[in-house]
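**Q** What follows is a single structure, and I will ask about it in a moment.
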Amino acid sequence: MTGPDDLACSELVELVTDYLEDALEPDVRARFEQHLPTCPGCAEHLEQVRRTISVLGAVPQDERLSPQTRARLLAAFREWRAQPQPEV
196 MTGPDDLACS ELVELVTDYL EDALEPDVRA RFEQHLPTCP GCAEHLEQVR RTISVLGAVP
256 QDERLSPQTR ARLLAAFREW RAQPQPEV
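Just so you know, the sequence shown maps onto residues 196 to 283 in the numbering used here.
Set out below in structure tokens:
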């Protein structure tokens, strides 16, 4: 059962980037970190984002996406993101 101060999975997913950039308010960060040990799915999501950032940071400049490909991928992502997402 969750309490009023517990973070929902959907909230955590929205906050992952801010968490990794150390941009969360202390109270939100505490709620974020309290949620992780209780939710294997969210803990795995955080690790996947960390791995993705690590891999993308290692891509040589000449292997990066062209502006056209990047725009197409962003459009596809935005379209996917606009669809209702199931709770994790």
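Beta carbons are placed, not taken as given, at the ideal position from N, Cα and C, and that holds for glycine.
Kindly indicate which three-state DSSP category L241 falls into: helix, strand or coil?
**A** helix
**Q** According to the Cβ coordinates, are R145 and L210 closer than 7 Å?
**A** Given that the chain is displayed from residue 196 to residue 283, the structure contains no residue 145 and the question cannot be resolved.
**Q** Could you pull out every residue in the same chain whose Cβ sits closer than 8 Å to the Cβ of C237, ignoring the five residues on either side in sequence?
**A** C204, L207, V208, H230, L231 and V283
**Q** Give me the Cα-Cα distance between M196 and P279, rounded to the nearest whole angstrom.
**A** Only weak support is given to the placement of M196: the predicted model assigns it a pLDDT of 40, under 50, and the value that follows is read from those uncertain coordinates. Each residue's alpha carbon lies about 24 Å from the other.
**Q** Could you tell me how far apart the beta carbons of V244 and L215 are, in whole angstroms, since I believe they sit closer than 8 Å?
**A** 7 Å
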